[in-house]
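Residue numbers (full-length UniProt numbering), protein chains in the order written: chain W, 1 to 405; chain B, 1 to 405. Reading through the structure tokens given below for one structure.
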């Protein structure tokens with residue numbers, strides 16, 4: 001007897017994430033890991049959380065914070081988000097905001113909302129592998145989101161139709177994307193919106209890293225650009241996914257979605273059916289901590305992470321062989337590395353762990369078709385500058401031993 | 001432009017829950033509400049939570065409790081659950097346990113795990129409407145779980161095949177089921193397991209209310225019975241869903257699933273893709289509070305809720321007209337009421353809110369086909385004995401005015 005015979009066909013697309021499996025191997029202290037994608041816990045606003053939690057479990061408050069709450073989310077938190085979105089050029093009301101268990105849950109719900117099997121999702125090549133994981137449960141076909149490519153919307157739509165569905169959305173991270181660290185300029189943002197209009201599809205804007213800009217000039221989110229075009233969020237096709245995981249702390253699992261009311265309304269029903277609500281206490285303390293110190297805390301993170309980014313870029317410059325190239329992000333948590341053609345990031349990782357005890361994520365995991373094996377992702381948020389330089393020197397030695405020049 | 005045109009076909013089955021919509025109307029203090037299904041917040045173990053949270057955000061702990069954690073859940077909590085399951089006759093290991101965001105999320109994941117569109121789910125008639133809501137997203141057909149009925153497994157399987165799929169699971173709550181409060185006896189439990197063997201399907205055992213027994217003798221969970229039959233959880237088709245929502249507090253959203261390893265393994269992948277993990281801090285404090293006081297706290301709840309149940313039963317006895325009947329539960333949070341044939345619980349609720357300010361849930365919401373309109377569900381966990389008696393008297397006056405005899 002095995003229940004696995006009873007599993008739905010959608011489970012065929014659910015594979016273990018290479019990153020999550022990798023993270024389990026990295027618990028040895030002598031390893032220098034650039035593999036994670038996680039914030040430095042030493043930078044959590046711990047004392048503010050401690051104060052907020054003490055208030056949340058006081059005799060006056062606990063009857064509410066430990067109790068069930070509405071599926072759409074805690075109103076003061078939704079109000080804080082409305083104020084935050086306004087600073088990004090996005091005018092909305094609490095009815096446009098759904099609180100989710102991190103922005104990962106928003107991606108799951110958006111797959112569930114839009115994708116019938118064989119529908120097409122346009123994604124970056126590479127893209128966030130957690131987005132692929134979330135969408136895979138709904139059995140989409142993937143096509144390449146690349147407004148600058150030769151293939152125009154007509155061809156993309158025709159291919160989607162030939163595959164038995166239609167294009168439902170484009171998914172992207174416009175700022176310091178995971179895994180590349182690359183930011184879309186204004187023309188690229190406009191081009192995505194133009195293409196979305198032509199294809200009549202939704203745009204899912206994953207803004208997980210947006211607040212973490214360390215240099216250069218910020219571009220408005222796609223949703224802000226679309227509101228400026230159309231005058232009203234209710235007329236917009238962009239769905240904005242935000243997260244407190246990279247700015248305050250990930251362990252409370254609090255994120256949000258901003259979109260037109262019919263989209264939020266349907267997602268509230270979905271959330272009610274899927275987990276009732278995001279944990280009440282987590283929303284209450286997040287609202288209080290955000291209210292107290294969001295801006296100054298993010299300013300501190302920018303300074304610390306920005307220095308780590310510069311340290312890693314400088315170290316790569318000093319130690320990498322000629323045939324290796326990398327991105328120069330202005331924010332986020334990642335640098336994306338290209339090895340010479342024919343090299344294999346996964347094999348290099350095996351060698352790196354075995355010989356020099358340095359870790360990273362092989363890049364092919366971030367491609368919907370598993371291609372581009374000669375890439376890798378480096379995280380700089382978890383290590384101080386000295387460790388970064390030591391780790392990059394280790395990586396250079398691994399490359400040298402592997403004959404990468 | 002409307003994105004609703006792009007929604008997946010599964011959204012057609014996602015409707016607003018009558019209960020959740022109702023709860024929004026009940027914020028007026030003069031209403032006596034038997035509509036909710038929620039624990040009394042005055043009984044939350046607030047001080048234990050306060051102590052556990054203070055420890056969880058201490059300088060030593062916060063780097064872990066506010067950080068990402070493994071998708072399968074916090075190991076000390078899974079270990080506590082292993083010990084708890086042993087007291088129910090269920091031998092398992094932490095690898096058999098997945099922590100979910102409440103048992104509602106377990107139901108969503110189990111729908112996702114098993115149901116291809118047109119597959120059949122066997123459910124009680126009535127059943128927990130949140131289970132129907134969770135499963136609906138995966139477009140099942142429903143058939144009636146009733147091992148004592150004339151239709152045998154062969155007929156049920158043939159009907160499922162004719163509908164274009166196969167039977168995938170039976171869903172049930174064996175103890176003090178929502179909405180009826182009824183408990184299955186040993187023979188009924190055995191009969192479900194027999195039928196599951198014949199049909200070769202999974203059994204989803206929703207144990208949300210299991211710990212809340214106020215009188216009578218406990219029967220073993222179906223999973224315990226199946227383990228006794230087969231000698232090993234790994235050979236079992238029963239999947240046990242537990243929750244801390246009714247015993248400790250619902251606002252932290254912590255529940256669990258116990259099943260054979262291949263099921264848990266697939267669900268861990270699903271959780272990783274859908275929301276990464278249940279909030280770390282919530283798991284840590286739940287583990288500590290459960291460790292400290294679970295048994296004594298549940299003993300106190302049994303005493304308080306048991307007295308409320310007896311008060312409501314006595315009050316119904318005193319005030320209900322002859323044509324009305326109801327269940328006599330031995331635990332849980334609900335009593336199920338039958339009005340005379342031809343009466344309509346929804347219309348009675350309208351009248352009850354308008355005239356006597358007393359609320360309940362019309363029973364048809366709990367039937368997959370919306371039938372049995374002459375039923376209603378009464379909750380007794382949220383009101384003290386005096387309020388219960390006053391509310392039942394109000395209800396009796398509403399019935400009298402409606403001509404119910």
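Each residue gets a CB set at the ideal place from its N, CA and C atoms; glycine is no exception. Keep in mind that this is a model prediction, so the values were computed, not measured.
Element boundaries [alpha helix (DSSP H), containing residue i]
{"i": "residue 304 of chain W", "result": "280-319"}
{"i": "residue 230 of chain B", "result": "222-230"}
{"i": "residue 257 of chain W", "result": "Unbroken run through residue 257 of chain W is the beta strand (DSSP E), 255-258; no alpha helix (DSSP H)."}
{"i": "residue 176 of chain W", "result": "Segment: none, residue 176 of chain W is in no alpha helix (DSSP H) and carries neither H nor E."}
{"i": "residue 10 of chain W", "result": "Neither: residue 10 of chain W is in no alpha helix (DSSP H) and is coded neither H nor E."}
{"i": "residue 193 of chain B", "result": "186-199"}
{"i": "residue 136 of chain W", "result": "129-136"}
{"i": "residue 271 of chain W", "result": "261-275"}
{"i": "residue 387 of chain W", "result": "385-401"}
{"i": "residue 347 of chain W", "result": "345-351"}
{"i": "residue 160 of chain W", "result": "153-162"}
Cβ of residue i within 8 Å of any chain B Cβ
{"i": "residue 178 of chain W", "result": "no"}
{"i": "residue 362 of chain W", "result": "no"}
{"i": "residue 34 of chain W", "result": "no"}
{"i": "residue 6 of chain W", "result": "yes"}
{"i": "residue 136 of chain W", "result": "yes"}
{"i": "residue 251 of chain W", "result": "yes"}
{"i": "residue 332 of chain W", "result": "no"}
{"i": "residue 294 of chain W", "result": "no"}
{"i": "residue 269 of chain W", "result": "yes"}
{"i": "residue 157 of chain W", "result": "no"}
{"i": "residue 41 of chain W", "result": "yes"}
{"i": "residue 28 of chain W", "result": "no"}
{"i": "residue 206 of chain W", "result": "no"}
Extent of the continuous beta strand (DSSP E) to which residue i belongs
{"i": "residue 142 of chain B", "result": "141-144"}
{"i": "residue 122 of chain W", "result": "120-123"}
Interface flag, residue i vs chain W, CB-CB below 8 Å
{"i": "residue 327 of chain B", "result": "no"}
{"i": "residue 168 of chain B", "result": "yes"}
{"i": "residue 275 of chain B", "result": "yes"}
{"i": "residue 231 of chain B", "result": "no"}
{"i": "residue 102 of chain B", "result": "yes"}
{"i": "residue 246 of chain B", "result": "no"}
{"i": "residue 67 of chain B", "result": "yes"}
{"i": "residue 3 of chain B", "result": "yes"}
{"i": "residue 120 of chain B", "result": "no"}
{"i": "residue 49 of chain B", "result": "yes"}
{"i": "residue 87 of chain B", "result": "no"}
{"i": "residue 14 of chain B", "result": "yes"}
{"i": "residue 369 of chain B", "result": "no"}
Burial state of residue i, where buried means 16 or more other Cβ atoms lie within 10 Å
{"i": "residue 277 of chain B", "result": "buried"}
{"i": "residue 347 of chain B", "result": "exposed"}
{"i": "residue 255 of chain B", "result": "buried"}
{"i": "residue 187 of chain W", "result": "exposed"}
{"i": "residue 12 of chain W", "result": "exposed"}
{"i": "residue 105 of chain W", "result": "buried"}
{"i": "residue 173 of chain W", "result": "buried"}
{"i": "residue 108 of chain W", "result": "buried"}
{"i": "residue 327 of chain W", "result": "buried"}
{"i": "residue 238 of chain B", "result": "buried"}
{"i": "residue 300 of chain W", "result": "exposed"}
{"i": "residue 279 of chain B", "result": "buried"}
{"i": "residue 228 of chain B", "result": "exposed"}
{"i": "residue 272 of chain W", "result": "buried"}
{"i": "residue 246 of chain W", "result": "buried"}
Strand pairing of residue i, partner residues [DSSP]
{"i": "residue 336 of chain W", "result": "W:377"}
{"i": "residue 239 of chain B", "result": "B:204"}
{"i": "residue 410 of chain W", "result": "With chain W covering only 1 through 405, there is no way to say anything about residue 410 of chain W."}
{"i": "residue 359 of chain B", "result": "B:33"}
{"i": "residue 213 of chain W", "result": "W:331"}
{"i": "residue 325 of chain W", "result": "W:338"}
- Task: Identify every run of the alpha helix (DSSP H) within the region 53-110 of chain B, keeping only runs that are complete inside it and at least 4 residues long; order them along the chain.
- Result: 62-65, 75-87
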